Amino acid sequence: MGILNVTPDSFSDGGLFLEHQAAVARGLEMLAEGAVIVDVGGESTRPGAAPVPAEEEAARVVPVVAALAQKAPQAVLSVDTSKPDVAEKALAAGAQLVNDVTAGGDPRMLEVVAQAEAGIVLMHMRGTPQTMQQDTRYTHVVAEVAEFLAARADAALAAGVPKERIFLDPGIGFGKDLEGNLALLRALPHLAALGFALVLGVSRKSFIGHLTGAGVGDRLPGSLAALLPALGCPQVVVRVHDVAATKQFLQVAQAVRAA
Ligand code: HH2
4 MGILNVTPDS FSDGGLFLEH QAAVARGLEM LAEGAVIVDV GGESTRPGAA PVPAEEEAAR
64 VVPVVAALAQ KAPQAVLSVD TSKPDVAEKA LAAGAQLVND VTAGGDPRML EVVAQAEAGI
124 VLMHMRGTPQ TMQQDTRYTH VVAEVAEFLA ARADAALAAG VPKERIFLDP GIGFGKDLEG
184 NLALLRALPH LAALGFALVL GVSRKSFIGH LTGAGVGDRL PGSLAALLPA LGCPQVVVRV
244 HDVAATKQFL QVAQAVRAA
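Numbers in our numbering are just positions in the sequence shown, counted from 1, shifted up by 3.
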């Protein structure tokens, strides 16, 4: 899953693809590099990011989704939003997946997804992007995240989203400290045992900076290393900025594992 942020303020690529033409070109480039899914987002979720009104978010993402759907009909397009109105418009424009970092926090989201016969990514976050790093203590982070994800998957099933269209994501960096992020990465097989496909987003995140001192633009090696736990899991979608490098990493790592 290639990340396409049509925002002025995303932590790593903010401002680069705010122009629709540049965003569509980057989406097509990621597909050519081997992405299967392009995740189009119009609101940053970095800690402390300012909320964006639904109309503005839709105006950022919907034209990009529509253009990609027209130019790359084979691609799976995802919309990174927690607002049902934005999701509905993006689904009508050709998206097939909603990436909701609030895991259906707005109850209408699950209805919108079920109605459109789309898929949904349900991610764990504590609080909101404004508050999530204020308290990152857990008694048992893996058990708490797994319990939350299982409950949200049940809610999606109850709303009529079929199991094969539900993806669970531990939300690396969303209300977790370094220790919590590492524990969740190590526990990926445990989360896979919930029986749903997973999404994992580690690309360029700050825990890599905390471990290594590397700045956002220099975190590719750490981003690849953080994908190691995903190699042992059957159904993991990796959400990345650097599609070509990640593709090569996964191809070689999987060949070695299979040898
Ligand atoms: N991480 C980010 C945004 N959306 N969605 C899922 N499912 N999992 C993630 O780990 C995840 C996500 C943050 O990364 P990015 O999109 O690069 O930055 P920003 O939120 O600042 O736009």
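The beta-carbon is built from N, C-alpha and C at its ideal position, and this holds for glycine as well. Given the structure is predicted, the values throughout are model-derived calculations rather than measurements.
| Query | Result |
| --- | --- |
| Environment of E120 [buried if 16+ CB atoms lie within 10 Å] | exposed |
| Element boundaries [alpha helix (DSSP H), containing I211] | 209 to 215 |
| Reference Q99, options D42, A149, A154, closest by Cα | D42 |
| The region 30 to 44 in contact with the region 234 to 250 per 3-pair CB rule at 8 Å | yes |
| In DSSP terms, what D172 is bridged to | M126 |
| Contiguous beta strand (DSSP E) assignments of at least 3 residues, all confined to the region 181 to 262 | 200 to 204, 239 to 242 |
| Inter-residue Cα distance where the pair is A106 and H127 | 7 Å |
| Check whether G169 and A156 have beta carbons under 8 Å apart | Rather than Gly, the amino acid found at residue 169 in this sequence is Ile. The answer is yes: Cβ separation under 8 Å. |
| Beta strand (DSSP E) segment containing D42, residue limits | 40 to 44 |
| CB of Q238 within 8 Å of CB of A200, strictly | yes |
| Bridge partner(s) assigned by DSSP for S81 | D42, L100 |
| Buried/exposed call for P165, threshold 16 Cβ in 10 Å | exposed |
| Every unbroken alpha helix (DSSP H) within the region 16 to 65, with a cutoff of 4 residues, ordered by chain | 23 to 35 |
| Ligand 1 heavy atom lying under 7 Å from the CB of V145 | no |
| DSSP bridge partner residues for L7 (one or two, in chain order) | V43 |
| Any non-hydrogen atom of ligand 1 within 7 Å of A261 CB | no |
| Euclidean distance between Cα positions of A158 and R222 | 36 Å |
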